[in-house]
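**Q** If you scroll down you'll find the structure; I have some questions about it.
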């Protein structure tokens, strides 16, 4: 009996057991221990970020990042509708409101529409800085609601790099902070333009990574905040460790969170990070093997990556022309499941989710098309060539699906 080919599972083949055993042997298992600091240091070395602060997960990293850059209740934050719901939920955690944007040809936030929205639907006003100082600053306000737009969260979907070079200037003009959701794009870097050779997550005000079990490297859970701003990094470390002003006498002058990564998880992260270059190489090789076969199948196409960046190929999104292929996404997903191949559609669009139906959205069109015609196919680092060929052979099968 053949085994299921999973969508995305971790590869545990390095020093994970060794490093975790050291944590157990030395009894340093919680949020203190050498591996927490070492993991942060290694992430900085790999990405080029000046500072890194580990968190329990990518969602916690995003929440703290928004808080650090000054998102306040009733503020508004621009987010993509096509993304996992996490970067949307964190906006509500801070009692702010999301504004939903369409996606571009690479599943990322549509930068052109976002710029159009900012130019046509917002205005800048000079107001007294919120810190209570007398100095005036310019902020961006939504003409429709009158509320301040204080941040934007571009998500590098499936490892595709957002076109930040076009987006950043207008955000700086309007004092809109950029929180990069790089939870899916560790290892993706720009190959052209102003940010050539820079990794996703290191360009905005703050970047956030995730190490969930289905990510390119994992700590079982876990996330990371990266930034070049020391003040932001210090604040992140402070807030994620319960805002301790005196660790001995338990003095807390702010409300903090128990959001730090454990030493055990960090030990696993160090071991996984050692293997990341090889993982990235395998991901690219498998993507190319898939693409060679799939793009010969009438009605199917493996999605392209932007030509201005080197993609980590976290996911392999399959685009389906149902009129040509003869099967829609749901029928194909069912057929693959019957053949023990696990797949997933893209996330249900967030502007249609029940908690967010009343939130503002702007000219959403492409995201609807991609939601209807995209199916992610198996992409694990330990995917074998035999498994990959099986997926392609099933996709080539023309028998009628009931």
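Numbering (the working numbering), first residue to last: 519 to 920.
Note that the Cβ used here is the ideal one computed from N, Cα and C, for glycine as well.
Just tell me which of 607, 622, 624 has its CA closest to the CA of residue 616.
**A** As a position in the chain shown, residue 616 is number 98, starting the count at 1. Taking only the C-alpha atoms, the option nearest residue 616 is 607.
**Q** Run through the stretch 668–751 for me and flag every whole alpha helix (DSSP H) of 4 or more residues, listed as ranges in chain order.
**A** Here the runs fully enclosed are 682–691.
**Q** Give me the Cβ distance between residue 672 and residue 694, rounded to the nearest whole Å; I'm assuming they're in contact under 8 Å.
**A** On the chain shown, residue 672 is found 154 positions in, with the first residue counted as 1. On the chain shown, residue 694 is found 176 positions in, with the first residue counted as 1. The Cβ separation is near 11 Å, so there is no contact.
**Q** Which first and last residues belong to the alpha helix (DSSP H) in which residue 913 is found?
**A** On the chain shown, residue 913 is found 395 positions in, with the first residue counted as 1. 903–914 is the span of the alpha helix (DSSP H), which, as asked, contains residue 913.
**Q** Could you check where the alpha helix (DSSP H) with residue 544 kicks off and where it finishes?
**A** Position 26 of the chain shown, counted from the first residue, corresponds to residue 544. Residue 544 -> alpha helix (DSSP H) spans 534–544.
**Q** So, helix, strand or coil for residue 918, using DSSP?
**A** Numbered from 1 along the chain shown, position 400 holds the residue referred to as residue 918. Low per-residue confidence applies at residue 918: pLDDT is 48, beneath 50, and the placement is therefore not dependable, though the value from the model is reported in the following sentence. The answer is coil: DSSP assigns residue 918 none of H, G, I, E or B.
**Q** Among the candidates 676, 710, 666, whose CA atom is the shortest distance from the CA of residue 682?
**A** Here residue 682 corresponds to residue number 164 of the chain shown, with the count starting at 1. Of 676, 710, 666, the residue nearest in Cα terms is 710.
**Q** What's the C-alpha gap between residue 751 and residue 553?
**A** What you label residue 751 is simply residue 233 of the chain shown in a count that begins at 1. What you label residue 553 is simply residue 35 of the chain shown in a count that begins at 1. Answer to the nearest angstrom: the Cα atoms are 18 Å apart.
**Q** Suppose the cutoff is 7 Å on Cβ atoms and the five residues either side in sequence are ignored; what does the same chain contact list for residue 930 look like?
**A** Past the edges of the chain, shown from 519 to 920, lies residue 930, and the structure says nothing about it.
**Q** For the stretch 763–845, list the alpha helix (DSSP H) runs that are entirely contained and at least 4 residues long, ordered along the chain.
**A** 781–812, 840–843, all fully within the stretch 763–845.
**Q** Do residue 737 and residue 567 have their C-beta atoms closer together than 7 Å?
**A** Counted from its first residue, the chain shown places residue 737 at position 219. Counted from its first residue, the chain shown places residue 567 at position 49. Cβ atoms of residue 737 and residue 567: not closer than 7 Å.
**Q** Report the rounded CA-to-CA distance for residue 522 versus residue 839, giving the unit in angstroms.
**A** Within the chain shown, numbered from 1, the residue matching residue 522 stands at position 4. Within the chain shown, numbered from 1, the residue matching residue 839 stands at position 321. So the two alpha carbons sit approximately 26 Å from each other.
**Q** In three-state DSSP terms, what is residue 601?
**A** Counting from one through the chain shown, the residue named residue 601 turns up at place 83. DSSP places residue 601 in coil when its eight states are reduced to three.
**Q** Quick check: the Cα distance between residue 824 and residue 556, rounded to an integer number of angstroms?
**A** The sequence position of residue 824 within the chain shown is 306, counting from 1. The sequence position of residue 556 within the chain shown is 38, counting from 1. Looking at the two C-alpha atoms, the distance is approximately 33 Å.
**Q** So what does DSSP say about residue 586, is it helix, strand or coil?
**A** The residue given as residue 586 occupies position 68 in the chain shown. Helix at residue 586.
**Q** Considering only the beta carbon of each residue, do residue 782 and residue 573 sit closer than 7 Å?
**A** By one-based count along the chain shown, residue 782 stands at place 264. By one-based count along the chain shown, residue 573 stands at place 55. Taking 7 Å as the Cβ cut-off, residue 782 and residue 573 do not qualify as a contacting pair.
**Q** In this structure, how does DSSP classify residue 527 when only helix, strand and coil are distinguished?
**A** Against the chain shown, residue 527 aligns to sequence position 9. Residue state, collapsed to three classes: coil.
**Q** Alpha carbon to alpha carbon, what distance is there between residue 645 and residue 849?
**A** Here residue 849 refers to the residue found at position 331 when the chain shown is read from its first residue. Here residue 645 refers to the residue found at position 127 when the chain shown is read from its first residue. Roughly 55 Å between the two C-alpha positions.
**Q** Does the Cβ of residue 724 have 16 or more other Cβ atoms within 10 Å, making it buried, or fewer, making it exposed?
**A** The count along the chain shown starts at 1 and reaches residue 724 at position 206. Buried is the call here.
**Q** Whether or not the stretch 791–805 and the stretch 523–535 are in contact is what I'm after, with contact meaning three or more pairs of Cβ atoms, one per stretch, closer than 8 Å; do they touch?
**A** Touching, yes, given that three or more Cβ pairs across the two stretches are closer than 8 Å.
**Q** Thinking C-alpha only, which one of 628, 714, 828, 588 is nearest residue 666?
**A** As a working note, residue 666 is residue 148 in the chain shown. Selected option, being the one with the closest Cα: 588.
**Q** Counting C-beta neighbours from all protein chains within 10 Å, is the total for residue 581 16 or more, i.e. buried, or is it exposed?
**A** One-based indexing of the chain shown puts residue 581 at position 63. Buried, since its Cβ has 16 or more Cβ neighbours within 10 Å.
**Q** Just the Cα atoms here: how many angstroms apart are residue 758 and residue 548?
**A** Here residue 758 refers to the residue found at position 240 of the chain shown. Here residue 548 refers to the residue found at position 30 of the chain shown. Answer to the nearest angstrom: the Cα atoms are 14 Å apart.
**Q** Under 8 Å Cβ to Cβ from residue 684, same chain only, skipping five residues before and after it: list those, please.
**A** Sequence index remark: in the chain shown, residue 684 carries index 166 (1-based). 629, 630, 633.
**Q** Between the Cα of residue 741 and those of 626, 779, 908, 884, spot the shortest distance and give me the residue it belongs to.
**A** In the chain shown, residue 741 corresponds to position 223, counting from 1. Ranking 626, 779, 908, 884 by Cα distance to residue 741 puts 779 first.
**Q** On a Cα-Cα basis, can you pick out the residue from 578, 558, 576 that is closest to residue 569?
**A** Counting from one through the chain shown, the residue named residue 569 turns up at place 51. Minimum Cα distance to residue 569 is reached at 558.
**Q** Residue 656: which of 822, 689, 670, 626 sits nearest, CA to CA?
**A** Stepping through the chain shown from its first residue, residue 656 is reached at position 138. The residue with the shortest Cα to Cα distance from residue 656 is 689.
**Q** What residue ranges within the stretch 849–900 form continuous alpha helix (DSSP H) runs of no fewer than 4 residues, ordered along the chain?
**A** Here the runs fully enclosed are 884–891.
**Q** Hey, would you say residue 706 sits closer than 7 Å to residue 677, going by beta carbons?
**A** Within the chain shown, the letter at position 188 stands for residue 706. Within the chain shown, the letter at position 159 stands for residue 677. Their beta carbons are under 7 Å apart, which means residue 706 touches residue 677 by this criterion.
**Q** Given a cut-off of 7 Å, decide if residue 537 and residue 785 are closer than it, judged by their beta-carbon atoms.
**A** Residue numbering aside, residue 785 sits at position 267 when the chain shown is read from its first letter. Residue numbering aside, residue 537 sits at position 19 when the chain shown is read from its first letter. Yes, the pair counts as a contact, with Cβ atoms nearer than the cut-off.
**Q** Quick one: give me the first and last residue of the beta strand (DSSP E) that residue 553 is part of.
**A** To locate residue 553, count along the chain shown from 1; it is residue 35. Run containing residue 553: none in the beta strand (DSSP E); it sits in the alpha helix (DSSP H), 552–565.
**Q** Between which two residues does the beta strand (DSSP E) containing residue 617 stretch?
**A** Numbered from 1 along the chain shown, position 99 holds the residue referred to as residue 617. Per DSSP, residue 617 belongs to the beta strand (DSSP E) from 615–619.
**Q** DSSP three-state label for residue 609, please.
**A** Numbered from its first residue, the chain shown carries residue 609 at position 91. It is helical.
**Q** Can you tell which of 877, 909, 894, 882 has the C-alpha that lies nearest to the C-alpha of residue 592?
**A** As a working note, residue 592 is residue 74 in the chain shown. Among 877, 909, 894, 882, the Cα nearest to that of residue 592 is on 877.
**Q** What do you get for residue 652, buried or exposed, if any count of 16 or more other CB atoms within 10 angstroms of its CB means buried?
**A** Position 134 of the chain shown, counting from 1, holds the residue named residue 652. The predicted position of residue 652 is uncertain, since its pLDDT is 48 and thus under 50; no value can be drawn from it.
**Q** In whole angstroms, what is the alpha-carbon distance linking residue 585 and residue 611?
**A** Translated into positions along the chain shown, residue 585 becomes position 67. Translated into positions along the chain shown, residue 611 becomes position 93. Roughly 10 Å between the two C-alpha positions.
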